Each structure stands twice: as C-alpha cells, then as structure tokens.
Amino acid sequence: MSESVFKMPVPHIGQAVLFYPRAIVNRSTGVLGYVLSTNPHNIELVVRGVIHEGVKHRDDPELQTNQHCREFGCWEASPWDAELQRRLSDLESRVHELMHGSNGKVVKDEKAMPAVPRAKANARN
18 MSESVFKMPV PHIGQAVLFY PRAIVNRSTG VLGYVLSTNP HNIELVVRGV
68 IHEGVKHRDD PELQTNQHCR EFGCWEASPW DAELQRRLSD LESRVHELMH
118 GSNGKVVKDE KAMPAVPRAK ANARN
C-alpha cells in the first residue's frame, strides 16, 4: 500500500503570498507576506517586518496532525498570483498556436505567419 506524499508548491523568492497566523485559514485572517527562502517542506517569509520560519502550505496534511506545525502558521498563493498564472498559461497557449499554426507544424516563413498589428509611433512636428 503506497501512501501519497504531499509535494509543496514552490513559490519564488520575493513572491507575495497570503500568510495565516496559527494556520487559521479564512480571508479575514490572511495577511500579505513575502517569501524569503524555501525548502521542500516549508518556507520562510516576512510579514509586517516580522520573519516567520517553518511555515507550511495550507494543503500540507501535517497541519491536520501536528499542532506544533500549526503554531508556525500556513501560507497559500495570493488570489492575484493565481490569476496571473492563469493568464500566463493562456498567453503561452496562444503563442504556441501562432508559432505552430493550425496544422501543428512550426511556421518558419515570416510571410506565412499571421500579421501582427503594430502601434503607430507619435510623430512630433
């Protein structure tokens, strides 16, 4: 019988995340924090000038079984970060479609690529 192992999403250094003190997760208790360092199990972040170490992701099952872990709080990606990731994924899909055309082949001839509208520069007289 294999046990599922939690794999924490890895935020970037400097990324804004929501921090929940004492791992009480709701929008009214979440505060903005910034990631200082990461490891495979938790992160270190700063919130209002205070450094919090050993902070687990809100989905980490250890928060359910270990009171000591809850005392360090928990974190999750901010809602605007999730929206940004969704938009980035959408743009990557569009670029892939433009580069590969509708038939899946890479478009190498610039004349075969769709025209991209260009903004007109403001001319000063």
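By the count of my numbering, the sequence shown reaches residue 142 at its end, each step adding exactly one.
No residue lacks a Cβ here, since even glycine has one placed at the ideal position from N, Cα and C.
All values reported here derive from a predicted model rather than from experimental measurement.
Buried versus exposed call for Asp76 [16 or more other C-beta atoms within 10 Å across all chains shown]: In the sequence shown, residue 76 corresponds to position 59, counting from 1. When all chains shown are included, Asp76 counts as exposed.
Span of the beta strand (DSSP E) around Ala33: Taking the first residue of the sequence shown as 1, we reach residue 33 at position 16. Note, Ala33: beta strand (DSSP E), 33-37.
Under the three-state DSSP convention, the category Ser19 falls into: Taking the sequence shown and counting its residues from 1, one reaches residue 19 at position 2. With a pLDDT of 46 at Ser19, under the threshold of 50, the modelled position of that residue is not reliable, and the figure given next carries that caveat. Note: Ser19 maps to coil in three-state DSSP.
Cβ pair Ala79, Cys86 closer than 7 Å: By 1-based counting over the sequence shown, the position of residue 79 is 62. By 1-based counting over the sequence shown, the position of residue 86 is 69. This sequence places Glu at residue 79; Ala is not what is there. Yes; because the gap between Cβ atoms is below 7 Å, this pair is in contact.
Given 8 Å, three or more beta-carbon pairs between the region 20-36 and the region 54-70: yes
Sub-7 Å separation of Gly90 and Pro38 beta-carbons: Translated into the one-based positions of the sequence shown, residue 90 becomes position 73. Translated into the one-based positions of the sequence shown, residue 38 becomes position 21. Their beta carbons are under 7 Å apart, which means Gly90 touches Pro38 by this criterion.
Own chain residues within Cβ distance below 7 Å of Val34, not counting five before or after: Against the sequence shown, residue 34 aligns to sequence position 17. Closer than 7 Å at Cβ, skipping near neighbours: Pro28, Gly50, Val52, Leu62, Trp92, Glu93, Ala94, Ser95.
Backbone CA spacing between Met116 and Ser110 [nearest angstrom]: As a first step, residue 116 is located in the sequence shown; it is residue number 99 there, counting from the start. As a first step, residue 110 is located in the sequence shown; it is residue number 93 there, counting from the start. Between Met116 and Ser110, the C-alpha separation is close to 10 Å.
Neighbourhood of Gly47 by C-beta, 6 Å cutoff - its chain only, sequence neighbours within 5 removed: In the sequence shown, counting from the first residue as 1, residue 47 sits at position 30. Hits under 6 Å: Leu35, Tyr37.
Boundaries (first-last residue) of the beta strand (DSSP E) holding Ser54: Reading the sequence shown from its first residue, position 37 is the one you call residue 54. Run containing Ser54: 48-55, per the beta strand (DSSP E) assignment.
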